[in-house]
Every structure is written in structure tokens, then in C-alpha cells.
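Colleague: Just dropping this structure here.
2 protein chains.
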Amino acid sequence: MAETLETMRARFGALTAKIRSYQEALGVLHWDLRTGAPPRAVSTRSETIGMLSAECLRLSVSEEMGELLAFFEQPDVWPLLHEVERASIRECRREYDRNRRIPPETYRAFVALTAEAESVWEEAKKASDFKVFLPYLRKIVNYLREFAEIWGYREHPYDALLQPYEPGMTVARLDRIFGALRPKLAELVRAVAASGKNPDPSALKGHFPVERQKELNRRLLCDLGYDFEAGRLDESAHPFAIGLGPGDVRITTRYSEDDLTVGLFGTIHECGHALYEQYLPAGLYGTPLWDGASMGVHESQSRLWENMIGRSRAFWDRYLPVLREYFPEPFGRISTETFYRAVNAARPSLIRTEADELTYNLHIIVRYEIEKSLFDGRISADDLPTVWNDLYADLLGVRPGNDAEGVLQDVHWAGGSFGYFPSYALGNVYAAQLLEAMRKTVDVDGCVADGRFEAIRGWLHERVWRYGKQFDPEDLIEKATGSPANPDALLAYLQNKYGELYGL
Amino acid sequence: MAETLETMRARFGALTAKIRSYQEALGVLHWDLRTGAPPRAVSTRSETIGMLSAECLRLSVSEEMGELLAFFEQPDVWPLLHEVERASIRECRREYDRNRRIPPETYRAFVALTAEAESVWEEAKKASDFKVFLPYLRKIVNYLREFAEIWGYREHPYDALLQPYEPGMTVARLDRIFGALRPKLAELVRAVAASGKNPDPSALKGHFPVERQKELNRRLLCDLGYDFEAGRLDESAHPFAIGLGPGDVRITTRYSEDDLTVGLFGTIHECGHALYEQYLPAGLYGTPLWDGASMGVHESQSRLWENMIGRSRAFWDRYLPVLREYFPEPFGRISTETFYRAVNAARPSLIRTEADELTYNLHIIVRYEIEKSLFDGRISADDLPTVWNDLYADLLGVRPGNDAEGVLQDVHWAGGSFGYFPSYALGNVYAAQLLEAMRKTVDVDGCVADGRFEAIRGWLHERVWRYGKQFDPEDLIEKATGSPANPDALLAYLQNKYGELYGL
Numbered sequence: 002m003a004e005t006l007e008t009m010r011a012r013f014g015a016l017t018a019k020i021r022s023y024q025e026a027l028g029v030l031h032w033d034l035r036t037g038a039p040p041r042a043v044s045t046r047s048e049t050i051g052m053l054s055a056e057c058l059r060l061s062v063s064e065e066m067g068e069l070l071a072f073f074e075q076p077d078v079w080p081l082l083h084e085v086e087r088a089s090i091r092e093c094r095r096e097y098d099r100n101r102r103i104p105p106e107t108y109r110a111f112v113a114l115t116a117e118a119e120s121v122w123e124e125a126k127k128a129s130d131f132k133v134f135l136p137y138l139r140k141i142v143n144y145l146r147e148f149a150e151i152w153g154y155r156e157h158p159y160d161a162l163l164q165p166y167e168p169g170m171t172v173a174r175l176d177r178i179f180g181a182l183r184p185k186l187a188e189l190v191r192a193v194a195a196s197g198k199n200p201d202p203s204a205l206k207g208h209f210p211v212e213r214q215k216e217l218n219r220r221l222l223c224d225l226g227y228d229f230e231a232g233r234l235d236e237s238a239h240p241f242a243i244g245l246g247p248g249d250v251r252i253t254t255r256y257s258e259d260d261l262t263v264g265l266f267g268t269i270h271e272c273g274h275a276l277y278e279q280y281l282p283a284g285l286y287g288t289p290l291w292d293g294a295s296m297g298v299h300e301s302q303s304r305l306w307e308n309m310i311g312r313s314r315a316f317w318d319r320y321l322p323v324l325r326e327y328f329p330e331p332f333g334r335i336s337t338e339t340f341y342r343a344v345n346a347a348r349p350s351l352i353r354t355e356a357d358e359l360t361y362n363l364h365i366i367v368r369y370e371i372e373k374s375l376f377d378g379r380i381s382a383d384d385l386p387t388v389w390n391d392l393y394a395d396l397l398g399v400r401p402g403n404d405a406e407g408v409l410q411d412v413h414w415a416g417g418s419f420g421y422f423p424s425y426a427l428g429n430v431y432a433a434q435l436l437e438a439m440r441k442t443v444d445v446d447g448c449v450a451d452g453r454f455e456a457i458r459g460w461l462h463e464r465v466w467r468y469g470k471q472f473d474p475e476d477l478i479e480k481a482t483g484s485p486a487n488p489d490a491l492l493a494y495l496q497n498k499y500g501e502l503y504g505l
Numbered sequence: 002m003a004e005t006l007e008t009m010r011a012r013f014g015a016l017t018a019k020i021r022s023y024q025e026a027l028g029v030l031h032w033d034l035r036t037g038a039p040p041r042a043v044s045t046r047s048e049t050i051g052m053l054s055a056e057c058l059r060l061s062v063s064e065e066m067g068e069l070l071a072f073f074e075q076p077d078v079w080p081l082l083h084e085v086e087r088a089s090i091r092e093c094r095r096e097y098d099r100n101r102r103i104p105p106e107t108y109r110a111f112v113a114l115t116a117e118a119e120s121v122w123e124e125a126k127k128a129s130d131f132k133v134f135l136p137y138l139r140k141i142v143n144y145l146r147e148f149a150e151i152w153g154y155r156e157h158p159y160d161a162l163l164q165p166y167e168p169g170m171t172v173a174r175l176d177r178i179f180g181a182l183r184p185k186l187a188e189l190v191r192a193v194a195a196s197g198k199n200p201d202p203s204a205l206k207g208h209f210p211v212e213r214q215k216e217l218n219r220r221l222l223c224d225l226g227y228d229f230e231a232g233r234l235d236e237s238a239h240p241f242a243i244g245l246g247p248g249d250v251r252i253t254t255r256y257s258e259d260d261l262t263v264g265l266f267g268t269i270h271e272c273g274h275a276l277y278e279q280y281l282p283a284g285l286y287g288t289p290l291w292d293g294a295s296m297g298v299h300e301s302q303s304r305l306w307e308n309m310i311g312r313s314r315a316f317w318d319r320y321l322p323v324l325r326e327y328f329p330e331p332f333g334r335i336s337t338e339t340f341y342r343a344v345n346a347a348r349p350s351l352i353r354t355e356a357d358e359l360t361y362n363l364h365i366i367v368r369y370e371i372e373k374s375l376f377d378g379r380i381s382a383d384d385l386p387t388v389w390n391d392l393y394a395d396l397l398g399v400r401p402g403n404d405a406e407g408v409l410q411d412v413h414w415a416g417g418s419f420g421y422f423p424s425y426a427l428g429n430v431y432a433a434q435l436l437e438a439m440r441k442t443v444d445v446d447g448c449v450a451d452g453r454f455e456a457i458r459g460w461l462h463e464r465v466w467r468y469g470k471q472f473d474p475e476d477l478i479e480k481a482t483g484s485p486a487n488p489d490a491l492l493a494y495l496q497n498k499y500g501e502l503y504g505l
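From first to last, the protein sequence lines are chains D and V.
Counting in the numbering used here, the first sequence runs from 2 upward without gaps.
Counting in the numbering used here, the second sequence runs from 2 upward without gaps.
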């Protein structure tokens, strides 16, 4: 047995390493496409990406994978495995089942549909006409309903769609979490709007040459602990962080010469993602555990660094003088308090990606309610514009004037990514829980004010980063904070911060 | 039969397209490693490159490839194929035979040896101590002697090593070509040295900020016909061009702020390679024919553009005024004639990569003589420093003072690339033949002086670029110029150019 076990371990390790190598190559290809590949590269590159993705998928559902998983899962073998091995096997089993149950023909048709739907969505958004996109959306929802049945769920079909993004999460859990957030956040947003206090947006206006911004961002990234020996900073239309390997976690940002905060907070946000990946244990590389625990946990890191640290008073006590070195104009004549208030302006708006820290979660709750209702049949794709607009009016007090600034604003649905949105708000929930727990042993504001970010990194590494994808997100958060996903910390954080900012 | 033929064609097309997709992905990974991947990326990226290369190799020697080739090569099938299909099959057959005959274990050992040898070579070069590298070189030569026997040859073992770089080329042919060049070039080099005329090197001295050089190089590339919609210009320690696909052919260069010509001629050189690839028929993509005809033909394009066009009087009549726009200092006070003479200074030197157009070929002949003699057993690896130094003294009249500036200067042998060097000089031979043939119908100097490069591109496209790898290099050159590889045109070109420059 011992000998067989060693052989099977070696085969499993080789197989997962090969899958990871394909993912690494695909990662480089995606990064390249988004950071400066020539426009005409796209057509052959897409074919290459398709081929490599298919090979990678083939391995994850191969006979060999099935045989290895069945071997390890035997009652007399399982107890012999280490905890980390079991987590790897669990992840591979999930992928195997998820991908193998869908007939390949069906999956290919779905992928082709979403590829086409993304172009149609672009046109529809340009024309601000939901009807153009509707036939595609109907088909995508039908496919995903079918997939949900194939994948299986206990209570709600949407549960099946949540799993790839947030393993273990359910509608029941989300209803409890978002149900608690929704009224309190809506109330807080109304109070802020009613306060009549509007920070002066002109405080941040100026001219900020890109090259100088790059220098500033590099300086900040170094301070926060991002390792340029194992990463690089580039530009892309939509900023992202991508972990290609333990020695290669890249960040992109985008610059506006009129508005420093676009590039600055974009960079800090991606830095949060990147720190997580740079601190993943290199020993997990080549297994499915060299990854964040979930989309939500990943987002908790970016939000914690961007908003809870990067938009804190302590941070700007320290960094406004640095900003003044780089841009004496306009920052030489602005107080920390003015700056702090300006970067924390909260106001109900229509576009999720431009939303502030406070109102953002309501944008997500709108999408969650819609996705959930689409999959339990309470609404159909046809109802979306009306439902969307009513929810915005109800939760945020604003009503989209057209489809482009309403239901057509996000690409996710065109790409078939139903189940993804909740992770964004869960990220905020987790981040607030982590911050609250961290404060029990770390003087967070003091560390930020002194630039001792290593204490913050140390805490996050100890509780989150070093586990990779070993635990399901709520288990990880419970281990780190004493509680599974719980909206109280986020509510308290927002009420405290915005209450003080807006004199509520 | 017709139906089977169509099926087999489709299978063959799918297989070669898959191989090409792997090569495209590998190309992006290599480009990325050389243009700015983080230092710590190297270890996992190397594993990924190893995995993808192995998959690609596996396909090229697969049972399926064997079956397809055997089918197409049947006497009743072959006549039904188009000329282009036959050329594809010929290329796949060559790869199949070459790679399948080496036992996989032996090949892996050889690859591991060369990987190690490259690091050892670096140390040896740093220490300027050939003895450190010698044990590795001995082993590499032994492997390649074994491979040559396995691959087979008609007359000379070295013939087998030439094939991957220059299909159809033999020692017999090279002896004739280089045998004619060697005495005449050595004589011309001696005459130039004896002329006592030395162009003033200070004419090119100045301070050239990199950003400004980049703008100049982009301008030049656009003028020469390089398509930035299907390419990009980056920096790397060793400049290169890489064709990733019909819509993506990239160039790198390197800049010296003291010496404009490093980046400038580096860029024009790589532009020659890149034009060839950008003009390959997109219809050949996914077949082995989407490639240059050989290393030598590829080099003929870079040399033609860099030296025969880029270092011509006509070119600088047109472009010195442009240089003056970008760098009034020092070029505002230099005449075209002074500039032309400065960029064509010829002087025997020790380092191949720094050699001028005239002496360069003698550096190659030194290496050719050594490689040939190593494989017919007239010399052994142990003899290299002595043989090297004597050949330099004999051909170039200079003798290396140590191993670093002598036998250890090139990485090729450490990487196992024996058979590669002759292509560099063949590139010059082919380029001169092409130029001579082109002059019969195109007013080359007039076109260059007027910036009508499209006439030159048109001629090259018609005779060379549009065929891709359809013909073996000497067949292609014969079709284009009326003669297979023939050193007369190069000799006449060099005697004419340097005779005039040095008043011989």
C-alpha cells in the first residue's frame, strides 16, 4: 500500500503540476493581450488560448484524474493523507465533477454563445438597447439553469452557480447576510444624502503626468510590501492583478491625467490582490491550493488595502506629504482633512464600478436579488430592465435613465458569470471582519501612520494568505475572526466611518 | 479515396495547427522572459516552457503524425496533393524523422546537459577560463556526433547538423562558398587596414536620451513598412524579432545613451527579420511553412536592411536630416559623408557581435572551420583555444589575449547549437545576391533616397517573403536570383563599397 500510495501521489502531483503549467501559460497570454499585444494578434491568440484551455480542461476531467481521485478517496487510503493533500483532492474532485457532468458538446455551445454574447452586449450597451441583448441573455440563463440541475444543489438552483466563486456559499446564507445589510445600508446612504454635506470635489483636481504617477505608484507599492523582484506594474484599460507563479504576480492600473485617485486607488486595490498571491506558500505551487480561498476572500484583501487602509485618516496623515513631493500642485495647499473627506465622498450613483465604499454594496445586492430570482423562476430575463430600475430606485434612490447606465452596464452576464457578483460584497464583509479581528492585537492605525505595514501583512499572512485555497472561505474567515461571514463588522465600520464623516 | 483524402487533410491541418498554437504560446513566454518578466519568474516559467515544448514535440513525433505522413506519401496519394501541401508534409517528415530517431531518454539528457552547460559557460567566460567549460563541451560534441550518426548524412557528419538551420546545405557547398570568400575577404581586410584611413569615431559621439531614440526608431520602422498594428517595439539585452502569428511580429532593441547606432542599426536589423514575418502569407499560418525558408534566408533579410540599405549613402542622404530633427547635437554639424564613413568603419576585431559588415564574415568562417573539424575528428574540443587563436591571427590578423575575448565569446556551443554559425555568413551571401538581382529591375538607391521602400518590399515579397518555408533556401535563392548560394555578389559588393570608402 505504502508503495502504491507513493506512486499515486507522484502521479497526482505530476498531473496537477501539468494543469498548473497550462494555467501559467494561459495567464501570461491573457496578461499580454490586456497590456499591449498588437491589435491584430487577437485572432490567432484566441485560438491558441482556446487550445490550451481545452487541454487543461481535458486533464482535469481525464480518466487518469478520475482514477487517482477514486484511489485517494478509498476509506482505507483517505486517513493516510495529509490535510493539505485532502484539500487538493477535494478541489480536483470539485473540478472533475463540475466539468465532467456537462456534455462536452453542450459546454462548447455555451462557450461559443457567451463569446458571441459579449460582442452583442457591447453593441447593445453602445445602443443602450436591452432588447438587442435579451435573446442572448435568455439562452445563457437557460443553459445555466440546465447546468445548475446537472451540478446539483440542496435548496436553491442558484446555490450551484455560487460554488465556483464562493465554495460552500448558499442563497440561505446570502439572504441572511445581505438581508441584514440592505435596510441598514439604505438607511445610512439616505442619511448621508440628507446631511447636505458634500466634500469639495475640486480638492483633487489637477494635472498629473502619467510618468510621475507611475513613480508614485511604484513607491507606494514598495512601501506596502509588493515585491518587484516577483512582479511588475503595467497599464490596462481594466486594472487587474494576476498570479502567474510564486515569483511572478503582476499588477496593472490605469491612469487619468486629471484625476490622480483613479490610478492610485486602482493600484492599491490590485496590490491587495497581489500581496495575497505573493505570500501564497510557494510549496503549494503546482497544486490547486496555490490560489485565493475564493473570489470573496480575494476581494476582501483588495478592499481592505484600498478602502480600509488606503482611504483611512492614518494613511493620509502619512502619505499626503509624499503626494506633495510628487505633486506640490495641488496638494501643497490641501489639508489632510480636506483630502481625506474628498477621497471618501459618498453619493448614490448608477454605475457600480464608479461607486464609493459605502454605496457599493447596494449595487451588488441589486444584482444578487436579480440573479437569485432569475434562477428560482420568480422573474425572467425579459423583466430585467424594470426589476433593475425599481431596485435602484428602492435601494439607492436613483433610477437609470437608460439601459446603458442600468441593466447593461456590466459584462458579467454576457460572459455567463452568474454567481460572481455576491463575492464583491462578501469581500467587504470579510474585510471588515478581518480588520476588526486584527485590531484586537495590532494597532492598525498606528502601524499605517508609521508605515509599519509589515505588522498588517504579518497578521494577514498568519490568518489568511498562508493557507491558500486549503479551506472554504467561511471556514477560513471563521478561523481568522471567530465568526463565519457576518455583516455586523462591516455595518459597524461603515456607520462609524460615514457617521463621523457626515456628522450623523 | 477523395473522401479519405479530405478527412486526412482535415486531421493533418488540425494537428499542425495545434503544434503551431503551442509554438505561439511558447513564443509569447519567451518574449515575455526576455522583455521584462520579473527575475523570480524564471524557475516556474522554465518548467512551463519545458512542459509545453515536450507536448509540442510529442505531437510532432506522434503515432498520428506518422500515420498521416505515411498516408500522404503513398505513391497513389502524393500526386493528388498541391505543391504547398507537399512542402508541409516534407517539413513534418523532416521533424518527425529527426526527433523520433533520438531515444527520448538521450534527448532529455542532452537538453539537461546544455542547460547546465550554459550556466557553466557563463562562469567560464567570466573567469576567462576555457578549462572550466571544456568537460561540458566535450560531452556536447560527443552527443552531437552520436546524433549526426542517427540522423544520417551522405558525405560529412557536420552535414547532419546543418540541416535544422539550413535545409539542404552541406560541407561540400560551404567549402566552395567560404573557400572563395576567405582569401579575398582576408585580402580586402588587410588592404583596408593598410590604407591608413580611419574614419573619425567621435563623429557619432553624443548624448541620446532613450525616450527620444524610441521615437526615432518608431518613425524609422513605420517608414520601412513595419506594421505596428501587428507588432510592437520593446527593449531586451540581446535584440531579437519574433513572429508569434500573422498579426503579431515583435521587435526588440537595446539602447546606449552614448551611441545612437547601437539601437538604430539593431532596430533596422530586426526590422528586416520582422518584415519577412509580417509579409508571410497568413494562409500558411497553422502549417510548418509559416516561417522563414532558413536561418540564412532570414538573416539575409536583416542584413540587407541593416547594412546594404541602412548603411548606404542613399539612406543617409535621406535620414541624416531626420536624425538632425531628433538630435541637432551632434548631427547638426556633421556632413552626410562623414556620417556615412563613420557608420561603415571597418577594422579587424576580436568580438563577432561587434564586428563590422566587412570583417564579420571572417568571424563566421573561423567558427565554421572549427565546427567542421570537430565533427570529422581532425580536432578535438581540447584543441579549441589554440585553433581559434591561430585562425583569428591568420584570417583577421588579430590574436585574442584571453579565452573570454576568444573561444568563449559565443553562447551557441554551450546551448548545443553546432551548425548554426554558417547561416550568419550565408545571410550576407544571399543578401548580396538578392540586392544584385533586385537592382536589375528596381532603382534601389533611388527608392531609398526617396523613401519609396514599398518598391523594395514589393520585390522581396514577390521573390522571397510570400513563399514562407515552401522551398529549401538554395532553391528559393536560385528562383529569386538565378543562382544558388554564390559568393561572387557579396565579394563584388564589399570590394566595391570598401574599395571606394578606403580609396583602394
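All C-beta atoms, glycine included, are put in the ideal place defined by N, C-alpha and C.
#1: Measure how close the beta-carbons of residue 264/V and residue 308/V come, nearest whole angstrom, since I'm counting them as under 8 Å.
#2: Kindly say whether residue 45/V, judged by its beta-carbon, lies nearer than 8 Å to any beta-carbon of chain D.
#3: Residue 242/D bridges to which residues according to DSSP?
#4: Alpha carbon to alpha carbon, what distance is there between residue 493/D and residue 468/D?
#5: What is the DSSP secondary structure of residue 505/D, reduced to helix, strand or coil?
#6: So what does residue 221/V bridge to, in DSSP terms?
#7: By DSSP, does residue 130/V sit in helix, in strand, or in coil?
#8: DSSP three-state call for residue 235/D: helix, strand or coil?
#9: I'd like to know whether the C-beta atoms of residue 186/V and residue 423/V end up nearer to each other than 8 Å.
#10: Can you find at least 3 beta carbon pairs, one from the region 115-130 of chain D and one from the region 93-103 of chain D, that sit closer than 8 Å?
#11: On the DSSP bridge assignment, give the partners of residue 206/V in chain order.
#12: Could you check where the alpha helix (DSSP H) with residue 403/D kicks off and where it finishes?
#13: Going by C-alpha distance, which of 227/D, 52/D, 40/D and 9/D is nearest residue 21/V?
#14: Could you tell me which chain V residues have their CB closer than 9 Å to the CB of residue 230/D, listed as they occur along the chain?
#15: Check whether the Cβ of residue 128/D lies closer than 8 Å to any Cβ atom in chain V.
#16: Please confirm whether residue 248/D has its beta-carbon closer than 8 Å to some beta-carbon of chain V.
#17: Would you identify the three-state DSSP class for residue 290/D, choosing helix, strand or coil?
#18: Going by CA-CA distance only, name the one from 50/D, 488/D and 336/D that's closest to residue 429/D.
#19: Looking at the C-beta of residue 33/D, does it have a partner C-beta in chain V at a distance below 8 Å?
#20: Check residue 43/V in the structure and name its three-state DSSP category.
#21: Among the residues of its own chain, which have a CB less than 6 Å from the CB of residue 225/D, if the five just before and after it don't count?
#22: Could you check whether the Cβ of residue 220/V sits closer than 8 Å to any Cβ belonging to chain D?
#23: Pick out the complete alpha helix (DSSP H) segments inside the region 55-103 of chain D, 4 residues or longer, and give them in chain order.
#24: Determine the burial state of residue 231/D: buried for a count of at least 16 other Cβ atoms within 10 Å of its Cβ, exposed for fewer.
#25: Should residue 529/V go down as buried or exposed, given a rule of 16 or more other Cβ atoms within 10 Å for buried?
#26: Mind listing which residues of the region 3-31 of chain D have their C-beta closer than 7 Å to chain V's C-betas, in chain order?
#27: For residue 111/V and residue 61/V, what's the separation of their Cα atoms in angstroms?
#28: Is the beta carbon of residue 292/V less than 8 Å from the beta carbon of residue 39/D?
#29: Thinking C-alpha only, which one of 474/D, 156/D and 486/D is nearest residue 167/D?
#30: Go through the region 110-192 of chain V residue by residue and report every complete run of the alpha helix (DSSP H) that reaches 4 residues or more, in order.
#31: In chain order, what residues of the same chain lie with their CB nearer than 6 Å to the CB of residue 269/D, ignoring the 5 residues before and after it?
#32: Does residue 506/V pass the burial test, meaning 16 or more other C-beta atoms within 10 Å, or should it be called exposed?
#33: Helix, strand or coil: which one does DSSP assign to residue 345/D?
#34: Does the region 353-371 of chain D come close enough to the region 388-395 of chain D to have 3 or more Cβ pairs within less than 8 Å?
#35: Would DSSP call residue 1/V helix, strand or coil?
Modeller: Taking the definition as stated:
#1: The Cβ separation is near 16 Å, so there is no contact.
#2: By the rule that beta-carbons nearer than 8 Å mark a contact, residue 45/V touches chain D.
#3: Answer is 252/D.
#4: About 28 Å.
#5: Here residue 505/D sits in coil by DSSP.
#6: Its beta-bridge partners do not exist; DSSP assigns none.
#7: In the displayed model, residue 130/V falls within coil according to three-state DSSP, outside both helix and strand.
#8: Residue 235/D falls in the strand class under three-state DSSP.
#9: Result no, Cβ atoms of residue 186/V and residue 423/V do not sit closer than 8 Å.
#10: Judged by pairs of C-beta atoms under 8 Å, the region 115-130 of chain D does not touch the region 93-103 of chain D, as fewer than three such pairs exist.
#11: According to DSSP, which records beta bridges pairwise, residue 206/V is partnered with 260/V.
#12: First-last for residue 403/D: undefined, no H or E at that position.
#13: Out of 227/D, 52/D, 40/D and 9/D, 52/D has the C-alpha closest to the C-alpha of residue 21/V.
#14: For a Cβ distance threshold of 9 Å, residue set 39, 40 and 41 of chain V lies close to residue 230/D, ordered along the chain.
#15: So no, residue 128/D is outside the interface.
#16: Cβ-Cβ to chain V under 8 Å: yes for residue 248/D.
#17: Correct three-state label for residue 290/D: coil.
#18: Of 50/D, 488/D and 336/D, the residue nearest in Cα terms is 488/D.
#19: Chain V contact via Cβ: present.
#20: Helix.
#21: Once the five neighbours on either side are set aside, the close Cβ partners of residue 225/D are 272 and 454.
#22: Chain D, which has no Cβ nearer than 8 Å to the Cβ of residue 220/V, makes this no.
#23: For the region 55-103 of chain D, whole alpha helix (DSSP H) runs of length 4 or above, ordered along the chain, are 64-73 and 84-102.
#24: Within a 10 Å sphere around the beta-carbon of residue 231/D sit 16 or more other beta-carbons, which makes this residue buried.
#25: The shown model of chain V, from 2 to 505, leaves out residue 529/V, and the question about it has no answer.
#26: Within the region 3-31 of chain D, the qualifying residues are 19, 22, 25, 26, 29 and 30.
#27: In a straight line, the C-alpha of residue 111/V is about 19 Å away from that of residue 61/V.
#28: Cβ distance not < 8 Å, so residue 292/V and residue 39/D don't count as in contact.
#29: For residue 167/D, the closest of 474/D, 156/D and 486/D by C-alpha to C-alpha distance is 474/D.
#30: For the region 110-192 of chain V, whole alpha helix (DSSP H) runs of length 4 or above, ordered along the chain, are 131-152 and 158-163.
#31: Closer than 6 Å at the Cβ level, and outside the excluded window around residue 269/D, lie 306, 307 and 311.
#32: The structure shown does not extend to residue 506/V, since chain V spans only 2 to 505, so no value can be given for it.
#33: Three-state DSSP puts residue 345/D in coil, outside helix and strand.
#34: Taking a cut-off of 8 Å for Cβ pairs, the region 353-371 of chain D and the region 388-395 of chain D touch, as three or more such pairs fall below it.
#35: In the structure as shown, chain V begins at 2 and stops at 505. Residue 1/V is therefore absent and cannot be evaluated.
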